[in-house]
Amino acid sequence: MTIDASPDHAVRAAIAARFERLPLCRWHITVRLIVGAVTFFEAFDQLLIAYALPGLRQEWDLGTSAATLLLTVGSIGMLVGALLSGRLADRIGRVKVIALCVALSSIANLALSLATSPEMFMGLRFIQGLAIGGEVPVAATFIAEITRSHKRGRFVLLYELVFPAGLTVGALVAAWVVPILGWRWMYAIAALPGLLCILVQRKVPESPRWLADHGREREAAEVMSGIEAEVERVTGKPLPPVPASLPVIAPGAGERGLRGLFTGRYRRRTLVIGVLWFTGYFVNYGITSWLPTIYQNRYDLSLSDALLYSTVTSCAGLLGCLVAALTVDRAGRRRVITGCLGGAAAMLLVLAFLGAGTPLQVLVWTSLAAVFFFGSNICLYLYTPELFPTRMRALGSSVGGAMNRL
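The numbering of the sequence shown is this note's numbering, which starts it at 70 and goes up by one.
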């Protein structure tokens, strides 16, 4: 599937052709590691509330309604952040938005570690949600734009593995830190990666595709030349010449912004992607956010055991993401997504029919379901940017990402 559908302009076509001849090398891996580190810690932040919630309920004597509100306000922030960041990234650039989000997330986490009331915590959770919801879809768009089409699925999804890895590491750290030091230390630890915003600004170039699409052809060519020079340096080999016959790029002039997403052929894509994001993450958050609390309140497990059981489910999800990454180029995006959604539904139906009489039953069937729904969800970060042209790619990804916060 073609990743670029920008206007038919010589410089833009040349940028696409120049990317296609770049071998995957240490430059790509370095950029992927830097942006991946940002995404890793945003994932680390996302489920902190699940592991902090038992302690929060005890410290502030919160009922179920108040606890639910603390969870919900973060999701609202992520929804708003996804929509705002997509539009912003299509206007000012991908890298600036990524750096802004990681800085905002760090400040919010530090403030959360010092929160003195549920109301203060709630407001800060909303701000934290803005940053998390904003960074993830924009980063996925950026990684897709700097990668050639050959084996893009595997490359992008191996990058996206950092998100479930962040969830898993967050669970492991929480299982040790929260019972001993308390929930505040988790948020204090999560504030440390804010320094990554400096590294992003210094080491990660703006997307040449985005620059070209915004009429900054000279800057796009300069950035592209810098990337090519670095690739030649790290590989020790000259790049092949740009093909004399440049690829035909579909005309991309037309509506931008939200109106463009619901115009012509993009209307159906936007609606289908929205349904997939909503369905996949409705199950994801419904299970992962509440598991520690369910284990503790329903089955009377200790806090450490409840967190350990939840960590097993997160690890199972990470395995599912790895399988999806290794098979998506061969099997295809749609097959992997639909197959995984069907597998997740089957596992949860088994749990529903067998009942949840013991914590072990919940652990087994939710972990098996996590293998599938984590695998499906991670593929959406690859598939969504491929469906939209550069002029509204980040917004399209962000609208899809926003649907998973509803």
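Cβ coordinates follow ideal geometry from the N, Cα and C atoms, glycine included. Predicted model only: the values in this text are computed from it and were never measured.
Ordered along the chain, which non-local residues of its own chain (more than five positions away) have a Cβ less than 8 angstroms from that of V381? L432, S436
Specify, as a first and last residue, the run of the alpha helix (DSSP H) that C384 falls within. 372 to 400
Could you have a look at I176 and say whether DSSP puts it in helix, strand or coil? helix
Classify T133 as buried or exposed, calling it buried when 16 or more other Cβ atoms lie within 10 Å of its own Cβ. exposed
N366 (DSSP reduced to helix, strand or coil): helix
Counted within 10 angstroms of its Cβ, other Cβ atoms place A298 as buried (16 or more) or exposed: exposed
Does the Cβ of A394 have 16 or more other Cβ atoms within 10 Å, making it buried, or fewer, making it exposed? buried
Could you check what DSSP says for A184 in three-state terms: helix, strand or coil? coil
Which term fits L250, buried or exposed, when burial requires 16 or more other beta carbons within 10 angstroms of its beta carbon? exposed
Close beta carbons around S466, own chain, < 8 angstroms, minus the five adjacent residues each side: G155, P206, V207, A209, T210, Y450, T453, P454, F457
Residue interval of the alpha helix (DSSP H) (run including H97): 95 to 115
Once the 5 residues before and after D374 are set aside, which same chain residues still bring their CB inside 8 angstroms of it? Y364
So, at 8 angstroms on beta carbons, what are the nonlocal neighbours of L230 in its own chain, with the 5 sequence-adjacent residues on each side left out? L387, C390, L391, A394, I447
Per the contact definition of three or more C-beta pairs closer than 8 angstroms, is the stretch 342 to 354 in contact with the stretch 211 to 220? no
Using the C-alpha atoms, what's the distance from T362 back to N473? 22 angstroms
Please report the straight-line C-alpha distance between A168 and E275, rounded to a whole angstrom. 12 angstroms
Comparing alpha-carbon positions, which option in L410, G424, W252 lies nearest Q127? W252
My output table needs one value for N473: the three-state DSSP class, helix, strand or coil. coil
Check whether the stretch 78 to 88 touches the stretch 280 to 292, counting contact only when three or more Cβ pairs, one atom from each stretch, lie closer than 8 angstroms. yes
Run through DSSP, which three-state label would V166 get? helix
Please report the distance separating the alpha-carbon of A240 from that of Y120. 7 angstroms
Determine the contact status of I103 and V341, defining contact as a CB-CB distance below 8 angstroms. no
Can you list, in chain order, the residues of its chain with a C-beta nearer than 7 angstroms to that of E291? Leave out the 5 residues immediately preceding and following it. none
Do G202 and V164 have their CB atoms nearer than 8 angstroms? no
If you draw a straight line from the C-alpha of W359 to the C-alpha of T137, how long is it? 10 angstroms
Return the residue from the list I118, L152, S379 that minimises the CA-CA distance to V142. I118
Give every residue of the same chain whose Cβ lies closer than 8 angstroms to the Cβ of R328, excluding the five residues on either side of it in the sequence, and list them in chain order. none
Would you check if there are 3 or more beta carbon pairs closer than 8 angstroms linking the stretch 256 to 268 to the stretch 399 to 408? no
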